[in-house]
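What follows is one structure encoded as structure tokens, with my remarks underneath.
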Amino acid sequence: MAAAEVTSFEESTQVRSRAFDVQNVRADFPVLHQTVNRKPLVYLDNGASSQVPQVVIDRGSLYLEEEHSNIHRGVHYLSQKATTAYEGAREKVKRFINARDAKECIFVRGATEGINLVMHGYGRKFIGPGDEIIISAMEHHANIVPWQMLCEEKGAILRVIPMNDAGELIQDEYDALLSENTKFVAFTHVSNALGTVNPVKRMVEQAHKYGVPVLIDGAQSAPHMLVDVQELDCDFYAFSGHKMFAPTGSGIIYGKAEVLETMNPFQGGGDMIKSVTFEKTTYAGLPNKFEAGTPAIASQIGLGAAIDYLNSIDRVKAEAHEAELLRYATERLSAIEGVRIIGTAREKISVLSFVIDDIHPHDIGTILDQEGIAVRAGHHCAQPVMQRFNVPATARASFAFYNTKEEVDVLARTVERVIEIFS
Amino acid sequence: MQAVSPTRFPFTIHHSPFTAFHMSELSELYQQVILDHNKKPRNFRKLEGANHSAEGFNPLCGDHLTVYLSLEDDAVKEISFEGSGCAISKAAASMMTQAVKGKSKQLAEELFTDFHRMVTGEEYEGSSEDRLGNLKIFEGVREFPVRVKCATLPWHTMHAALNNEELVSTE
Chain A
130 MAAAEVTSFE ESTQVRSRAF DVQNVRADFP VLHQTVNRKP LVYLDNGASS QVPQVVIDRG
190 SLYLEEEHSN IHRGVHYLSQ KATTAYEGAR EKVKRFINAR DAKECIFVRG ATEGINLVMH
250 GYGRKFIGPG DEIIISAMEH HANIVPWQML CEEKGAILRV IPMNDAGELI QDEYDALLSE
310 NTKFVAFTHV SNALGTVNPV KRMVEQAHKY GVPVLIDGAQ SAPHMLVDVQ ELDCDFYAFS
370 GHKMFAPTGS GIIYGKAEVL ETMNPFQGGG DMIKSVTFEK TTYAGLPNKF EAGTPAIASQ
430 IGLGAAIDYL NSIDRVKAEA HEAELLRYAT ERLSAIEGVR IIGTAREKIS VLSFVIDDIH
490 PHDIGTILDQ EGIAVRAGHH CAQPVMQRFN VPATARASFA FYNTKEEVDV LARTVERVIE
550 IFS
Chain B
15 MQAVSPTRFP FTIHHSPFTA FHMSELSELY QQVILDHNKK PRNFRKLEGA NHSAEGFNPL
75 CGDHLTVYLS LEDDAVKEIS FEGSGCAISK AAASMMTQAV KGKSKQLAEE LFTDFHRMVT
135 GEEYEGSSED RLGNLKIFEG VREFPVRVKC ATLPWHTMHA ALNNEELVST E
């Protein structure tokens, strides 16, 4: 890619920005303009999967119509077109998270695959019996189960940073857990079930005092805040495209080049090798070493287009709009008798989990759905969080910048109706 | 509470909370009887002296219940349940215990088959309609495919208890 095209992280987010206007951005998302159960769709399940703007759909279609071919191996025209588009998307990711080098951005299926890649590539190589891995009490199952599997295989020990009643990780307890035995630390940037924003920069610094690498699960942060992996100084950062306005099957595991170099490959196969004989295989360099087989080319190109889209809106204003939505929704729902908000951290974004006395979240979800409102009802793949707050499940409204205060009003009115039905 | 709630004030017209929303399918799902069983589930306790029991999970939504049975001479002498779940699963469990108590094992299993067919929208024999009796109020569940498992979980669990399986999971 031409050097002139490579602008700095800050420049790329500001140069093309235009004023943030919620109706304006809504117009960019075709899926939002439909009725569900004869009501206008109110899409508040962005924490599970966000919607896709027209420009991303168009970019995927363009690839399928004019560029579809396999990457990295053809001398022919289409293969070169596809490779250029795919590697171009990697450059966009690099600038999006401010990695030092595009080769540090490994394309994966999503955050889950990214974490598993690190577990296999790093964990299985460097973690041994008696070693300790620290995770937090608010992790998604994707950042629990792989480490449990590793502990079981290696005889390592899983330690868990506890949280307080507001849903904040207790930093003193974290500091106390860190020791010479700690060999890996993994935690989420933003809790998918509670919305808590963790002080990740501080937490990375603490782990680095012991020379321990840190993985941040960025699935809920990348779509909502500016992320700078160099500033955070994390060793790994994982996120999913489908939660940030790109298609499913796209995602990134970022890793510091020097750490990725030391790791074992994840899957074996085509594209990840330098040479293969029956006696010995030598592996390709970064990033190909971790990208065996034909990837989800159209989806990853779509991720690049989604990043272009995010750069085209004023993300600072978008963030402020989301913060106002969360504040307003918290105020409206808290005012309803019988509603209890789960997760009241001081630093919170985009997620509002709640329960209603004596009404199961699934019943809430079904009734909201009849009014066209999409929320998640369940344990949010975070069962330990549910256990911590002693609830079987919660209903969760999760916002994106295209949501409106009017939608929050519809949510609040319908929650009141739910209570009326069950009274 | 009775199935039909009385008008509280003589001068107001009783209206369903659904009317403003025109939620006919929803009012079909959350009928007063179901809401009542949700609030006051029958046979909701651990059964002392049970000779069969099984645990049922729905890992998707976290519904979790245990069904206890006292089976004598291939008849359900006593049945109870405990656990937590949504209104549909709780009411289904509550009404199931009433429906199968005193019935033969075979009839209990047949009711399960009929019930399952009804909520999944499959055809079931005309004669079994009468057999289902007030369980027919769960017919509305068929309009909500994701909720079918809520209604059938207690039945799957009872079936497991009858057949000495300890754990069932619907997903």
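Here the protein sequences come in this chain order: A and B.
Using the numbering used here, the first residue of the first sequence is number 130, and each one after it goes up by one.
Using the numbering used here, the first residue of the second sequence is number 15, and each one after it goes up by one.
We put the beta carbon where it would ideally sit given N, CA and C, even for glycine.
Pick out whichever of A:LEU287, A:GLU268 and A:LYS330 has its Cα sitting closest to the Cα of A:GLY259.
-> A:LEU287
Report the rounded CA-to-CA distance for B:SER103 versus B:PRO159, giving the unit in angstroms.
-> 14 Å
Could you please give me the residues that DSSP links to B:GLU92 through a beta bridge?
-> B:SER84
Within the segment 433-470 of chain A, note down every full alpha helix (DSSP H) run reaching 4 residues or more, in order along the chain.
-> 444-463
A:ILE554 versus chain B: which residues are under 7 Å apart at the beta carbon?
-> No answer is possible for residue 554 of chain A: it lies beyond the span of chain A, which begins at 130 and ends at 552.
Neighbouring residues, chain B, relative to A:PRO521 (Cβ below 7 Å) | GLY76 and SER98
Among A:ALA271, A:ASP487 and A:ASP498, which residue has its Cα nearest to the Cα of B:SER50?
-> Checking the sequence shown, residue 50 of chain B turns out to be Asp, not Ser. Taking only the C-alpha atoms, the option nearest B:ASP50 is A:ASP487.
A:ASN293 versus A:GLN163, A:PHE551, A:GLY472 and A:ALA322, residue with shortest Cα-Cα distance = A:GLY472
When the cut-off is 8 Å and only beta carbons count, does B:THR171 lie next to chain A?
-> no
Classification of A:PHE368 by the beta-carbon crowding that lies within 10 angstroms, buried from 16 upward | buried
Range of the contiguous beta strand (DSSP E) that encloses A:LEU481 | 480-485
Quick one: residues in its chain with C-beta nearer than 6 Å to the C-beta of B:ALA174, no 5 flanking neighbours on either side, listed in chain order?
-> ALA68 and VAL182
Give the straight-line distance between the Cα atoms of A:PRO291 and B:PHE129, rounded to the nearest whole angstrom.
-> Computed Cα separation, rounded: 45 Å.
Sort A:ALA427, A:ASN310 and A:ALA315 by Cα distance to A:MET248 and report the nearest one.
-> A:ALA315
Could you pull out every unbroken beta strand (DSSP E) segment of at least 3 residues lying fully inside the segment 497-531 of chain A, listed in chain order?
-> Runs of the beta strand (DSSP E) inside the segment 497-531 of chain A: 505-507 and 523-527.
Helix, strand or coil: which one does DSSP assign to B:HIS78?
-> In the structure shown, B:HIS78 sits in a strand (DSSP, three-state: E or B).
Near A:GLY189, which residues of its chain fall below 6 Å by C-beta distance, leaving aside the five closest residues on each side in sequence?
-> ALA427 and GLY431
Give a yes or no on whether the minimum CB-CB distance between A:GLN499 and chain B is below 8 Å.
-> yes
What is the DSSP secondary structure of A:THR164, counted as helix, strand or coil?
-> A:THR164: strand per DSSP, three-state reduction.
Taking B:ALA105 as the query, report the chain A residues whose CB atoms sit under 8 Å from its CB, ordered along the chain.
-> Here the premise fails: no neighbours, minimum Cβ distance about 10 Å.
Between the CA atoms of B:LEU74 and A:GLU99 - distance to the nearest angstrom | Absent from the model: residue 99 of chain A. The displayed extent of chain A is 130 to 552, so no value can be given.
When DSSP labels each residue in this structure, what does B:LYS60 get in the three-state scheme?
-> Three-state DSSP puts B:LYS60 in coil, outside helix and strand.
Please name the residue or residues paired with A:GLY280 in a DSSP beta bridge.
-> Correcting the residue identity first, residue 280 of chain A is Cys in this sequence and not Gly. A:CYS280 is not bridged to any residue.
Please go through the same chain and pick out, in chain order, the residues whose beta-carbon is closer than 7 Å to the beta-carbon of A:LEU497, but skip the five residues on each side of it.
-> VAL504 and THR543
Could you say which of A:MET373, A:GLU360, A:ILE244 and A:GLU297 lies nearest to A:ILE436 if we only look at CA atoms?
-> A:MET373
What are the start and end residues of the beta strand (DSSP E) that includes A:ASP346?
-> 343-346
For A:ALA464 and B:GLY76, believed in contact at Cβ under 8 Å, the rounded distance = 27 Å between Cβ atoms; not a contact.
Assign A:ARG298 to one of three DSSP states: helix, strand, or coil.
-> Per the sequence shown, the amino acid found at residue 298 of chain A is Leu instead of Arg. Residue state, collapsed to three classes: strand.
Interface residues of chain C around A:HIS508 at Cβ under 7 Å?
-> Any reference to chain C falls outside this structure, whose protein chains are A and B.
Starting from the Cα of A:ALA458, find the closest Cα among A:VAL537, A:ASN175 and A:ILE226 and give me that residue.
-> A:VAL537
Residues of chain B with a CB under 8 Å from the CB of A:ASP492: which are they?
-> TYR44, CYS100, ALA101 and ILE102
Given that a residue counts as buried once 16 or more other Cβ atoms are within 10 Å of its Cβ, and exposed if not, what is B:TRP169?
-> buried
If you measure beta-carbon to beta-carbon, which residues of the segment 44-66 of chain B are closer than 7 Å to chain A?
-> TYR44 and LEU49
For B:TYR44, which of helix, strand or coil comes out of DSSP?
-> coil
Element boundaries [alpha helix (DSSP H), containing A:GLU390] = 386-391
Can you have a look at A:GLY257 and say buried or exposed, based on whether 16 or more other CB atoms are within 10 angstroms of its CB?
-> exposed
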